[in-house]
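Residue numbers (this note's numbering), protein chains in the order written: chain G, 394 to 770; chain W, 394 to 770.
This is the structure:
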């Protein structure tokens with residue numbers, strides 16, 4: 394945001410003016426067919442094919458990826474992380490120093506805030522996820538709180554901003570990808586600066602050499618390719634915080650920020666697919682329906698499976714960690730014909746998935762229940 | 394193909410009848426917008442973002458993926474491979490037996506035969522690749538020729554068929570993915586049954602526990618999740634051989650089979666992207682344009698880089714292996730304004746990339762030159 398604007402008018406008004414001036418959103422949501430721009434994004438960004446819901450931990454090459462800009466080329470030997478701003482002493486750490494610091498390993502389910510976007514009507518124009526923008530990995534690295542304690546966070550600090558090395562233009566704004574966390578979130582013991590994923594070196598596309606992982610939040614908070622961390626005494630107003638990743642009703646609505654993941658269950662599609670239509674076909678008889686469920690707001694307490702509109706409670710396993718998905722399963726005896734299967738999770742706060750879409754302008758947090766059509770032969 | 398048909402009429406006619414009866418191809422090529430079915434495929438299948446052309450070897454999670462059906466769940470401990478058919482003695486091998494056999498490691502560039510499909514006009518309806526359906530990996534495993542020698546190939550053998558564990562429906566035909574190679578190709582010393590990729594266990598999405606890798610051929614030949622190998626005394630007539638993966642002019646054209654990769658160069662898009670449009674922006678001044686080039690027909694002998702239609706020869710490095718891509722580079726001093734960059738490879742046979750599309754019905758082998766628009770500021 395240009396400084397002369399933000400000095401003299403309220404942040405909301407500044408944002409609104411910026412919205413109008415720079416065409417922050419590429420186009421209004423559409424009822425029309427997919428655009429060439431959306432295809433380019435779908436081709437670049439990787440989903441987790443839903444059969445990978447079988448795995449407790451998603452293989453790195455199947456974990457979802459949403460990279461706003463190019464994957465940066467970073468030399469791990471010359472790379473270093475700066476921690477500064479409202480702290481008693483700034484730090485500068487290379488990979489070697491980080492590897493000597495205390496480490497933790499945290500199993501975390503990460504979901505893209507835009508998962509489910511392309512199913513909305515009208516369809517916000519951005520990465521056109523269907524339902525596969527998710528994955529679970531074990532992230533190993535240094536607790537952020539440990540390094541912040543070493544730096545000494547000032548008493549007047551309110552947020553911590555994280556800047557990645559990935560650069561480009563979005564909404565007319567030239568930027569490096571950057572996001573912030575409130576100080577209390579940044580000091581959580583399970584928020585990790587990860588240099589390993591599933592026990593091996595962080596792959597380039599997942600943020601090599603170092604990324605943030607914020608368990609329970611949608612993926613946009615977990616900044617990749619970290620280059621700097623800055624403790625702030627005022628709220629961060631970067632593009633990805635104040636313009637993108639907001640629940641808005643229209644372009645003029647300042648909206649509310651996207652943060653914790655909403656409750657969601659997904660099912661491994663049973664049977665086999667048709668190559669082009671992806672319609673599912675399976676034999677009659679007993680089958681174990683299964684999948685995973687998660688929520689950033691609390692433990693998943695139940696998963697109901699809908700079979701042609703009749704809901705049955707599934708068995709839900711203990712999750713391996715507070716913010717990793719829970720396995721669920723329900724035996725079904727499939728009888729010949731066409732069926733619609735769905736699944737619906739509820740978390741400890743009582744929140745449950747909507748049966749119909751809850752629309753918003755950027756297509757964020759669409760956790761409406763999954764529906765799978767199967768033909769039983 | 395139903396047996397009663399193939400017994401009484403010619404294979405071509407049988408194929409034609411099958412085409413009409415079963416609607417083998419989902420729809421005629423289209424000038425219209427992208428369909429929901431194409432989006433589903435684009436979301437499932439992974440491309441290699443073009444900035445990964447920087448890497449000699451593509452990290453496994455960035456290597457392209459085209460899976461016709463679901464990724465199968467295979468238990469490596471109980472899995473075994475059957476080698477039979479027109480051989481002196483059938484073999485049955487588990488992973489342990491394979492790991493004790495002689496092994497080779499081969500760097501190979503694999504490209505999807507459908508790469509470039511969505512750029513064709515009209516657009517054949519299938520996986521809507523732009524240009525990113527490619528990757529290079531080092532594949533380690535047992536030479537296929539070694540195992541075939543152990544089995545003893547009969548004198549009247551003409552082809553070797555490979556069947557994967559991945560199952561589904563395509564063109565109305567229920568199938569496990571299967572392809573064949575002529576015997577002389579199967580006996581090449583560099584054709585490998587790979588159980589490792591880039592030095593680590595084959596990931597599930599790349600064919601765990603064992604896949605075929607056929608250097609120089611488009612990716613459809615490199616069957617994943619191998620369950621059986623059968624030596625044949627008659628040509629294989631499976632769907633993926635006789636119906637899919639053919640250069641055809643229309644649905645009734647029996648066409649010719651897709652096999653070796655055509656010559657192609659791709660460029661790392663310079664500068665930085667706009668998130669939504671992916672348009673590139675870069676500063677004026679010197680920049681090193683670079684990329685990779687490959688061909689299944691012979692070594693890449695030159696790469697020309699087009700800058701606003703003027704072609705300049707790039708420097709081309711030796712490839713690390715006969716069928717792995719060659720790095721190329723050309724320094725450019727970018728002057729402000731809008732530019733169109735392109736690159737065009739020529740191989741040892743004299744084959745070069747077409748400047749305009751060479752259309753075919755299934756959208757196979759579209760190696761028309763890449764064009765990148767950049768704005769220099």
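Glycine included, C-beta positions come from ideal geometry on N, C-alpha and C. If you're wondering where the values come from, they're calculated on a predicted model, not measured in any experiment.
Span separating the alpha-carbon of residue i from that of residue j
i: residue 551 (chain W); j: residue 537 (chain W); result: 16 Å
i: residue 771 (chain W); j: residue 734 (chain W); result: What the structure shows of chain W is the stretch from 394 to 770, and residue 771 (chain W) is not part of that stretch, so it cannot be assessed.
i: residue 724 (chain W); j: residue 484 (chain G); result: 38 Å
i: residue 407 (chain G); j: residue 607 (chain G); result: Since pLDDT at residue 407 (chain G) reaches only 46, below the 50 mark, its modelled position is unreliable, and the value read off the structure follows with that caveat. Cα to Cα, the separation comes out at about 29 Å.
i: residue 768 (chain G); j: residue 470 (chain G); result: 54 Å
i: residue 456 (chain G); j: residue 681 (chain W); result: 32 Å
i: residue 527 (chain G); j: residue 505 (chain G); result: 6 Å
i: residue 753 (chain G); j: residue 642 (chain G); result: 5 Å
i: residue 591 (chain G); j: residue 571 (chain G); result: 25 Å
i: residue 424 (chain W); j: residue 653 (chain W); result: 28 Å
i: residue 422 (chain W); j: residue 429 (chain W); result: 15 Å
i: residue 761 (chain W); j: residue 624 (chain G); result: 50 Å
i: residue 436 (chain G); j: residue 667 (chain G); result: 20 Å
i: residue 599 (chain G); j: residue 583 (chain G); result: 19 Å
i: residue 558 (chain W); j: residue 686 (chain W); result: 32 Å
i: residue 542 (chain W); j: residue 711 (chain W); result: 33 Å
i: residue 412 (chain G); j: residue 755 (chain G); result: Low local confidence applies: a pLDDT of 46 at residue 412 (chain G) is under 50, so the model's placement there is unreliable, with the coordinate-based value given in what follows. Rounded to the nearest angstrom, the two C-alpha atoms are 13 Å apart.
i: residue 566 (chain G); j: residue 427 (chain W); result: 29 Å
With 16 other Cβ atoms within 10 Å as the buried cut-off, status of residue i
i: residue 683 (chain G); result: buried
i: residue 414 (chain G); result: Caution applies to residue 414 (chain G), whose pLDDT of 39 falls short of 50 and renders its modelled position unreliable; the model cannot decide the point.
i: residue 441 (chain W); result: buried
i: residue 602 (chain G); result: buried
i: residue 517 (chain W); result: buried
i: residue 704 (chain W); result: exposed
i: residue 748 (chain W); result: exposed
i: residue 743 (chain W); result: exposed
i: residue 656 (chain G); result: buried
i: residue 751 (chain W); result: exposed
i: residue 729 (chain W); result: exposed
i: residue 770 (chain G); result: exposed
i: residue 529 (chain W); result: buried
i: residue 533 (chain G); result: buried
i: residue 554 (chain G); result: buried
i: residue 420 (chain G); result: exposed
Residue i - partner residues in DSSP beta bridges
i: residue 640 (chain G); result: G:649
i: residue 441 (chain G); result: Note: residue 441 (chain G) sits in no beta bridge, so no partner.
i: residue 473 (chain G); result: G:487
i: residue 572 (chain G); result: G:555
i: residue 500 (chain G); result: G:531
i: residue 604 (chain W); result: W:587
i: residue 516 (chain W); result: W:423
i: residue 723 (chain G); result: G:682
i: residue 560 (chain W); result: W:569
i: residue 467 (chain W); result: According to DSSP, residue 467 (chain W) bridges with nothing at all.
i: residue 688 (chain W); result: Paired residues: none, contrary to the question.
i: residue 708 (chain G); result: G:722
i: residue 703 (chain W); result: W:700
Chain G contact residues for residue i, given Cβ-Cβ distances below 8 Å
i: residue 462 (chain W); result: 665, 666 and 668
i: residue 419 (chain W); result: 669 and 670
i: residue 447 (chain W); result: 466
i: residue 435 (chain W); result: 432, 435 and 436
Listed by chain order, chain G residues near residue i by CB distance under 9 Å
i: residue 454 (chain W); result: 439, 452, 453, 454, 455, 456, 458, 596, 597, 598 and 599
i: residue 493 (chain W); result: The premise fails here: residue 493 (chain W) is roughly 26 Å from chain G at the closest Cβ pair, so nothing lies under 9 Å.
7 Å Cβ cut-off: residues of chain G touching residue i
i: residue 444 (chain W); result: 463 and 464
i: residue 427 (chain W); result: 426, 427 and 432
i: residue 769 (chain W); result: Going along chain G, no residue has its Cβ under 7 Å from residue 769 (chain W), so there is no contact; the nearest lies around 14 Å.
Chain W contact residues for residue i, given Cβ-Cβ distances below 7 Å
i: residue 674 (chain G); result: 562
Does the region 556-569 of chain W come into contact with the region 577-589 of chain W, if we say contact requires no fewer than three beta-carbon pairs (one atom in each stretch) closer than 8 Å?
no
- Item | Given 8 Å, three or more beta-carbon pairs between the region 507-524 of chain W and the region 486-496 of chain W | no
- Item | Three-pair Cβ contact test at 8 Å for the region 663-677 of chain G versus the region 758-768 of chain G | These segments touch.
Q: Assess, as a yes-or-no matter, whether the region 695-709 of chain W is touched by the region 734-752 of chain W under the definition of 3 or more beta carbon pairs within less than 8 Å.
A: yes
Q. With contact counted as at least three CB pairs below 8 Å, one residue from each stretch, are the region 627-643 of chain W and the region 495-505 of chain W in contact?
A. no
Listed in chain order, which residues of the region 512-533 of chain W have Cβ atoms closer than 8 Å to some Cβ of chain C? In summary, chain C is missing from the structure at hand, where the protein chains are G and W.
*Quick check: the region 456-468 of chain W against the region 460-469 of chain G, are there 3 or more CB pairs under 8 Å?*
no
Exercise. Assess, as a yes-or-no matter, whether the region 709-721 of chain G is touched by the region 613-625 of chain G under the definition of 3 or more beta carbon pairs within less than 8 Å.
Key: no
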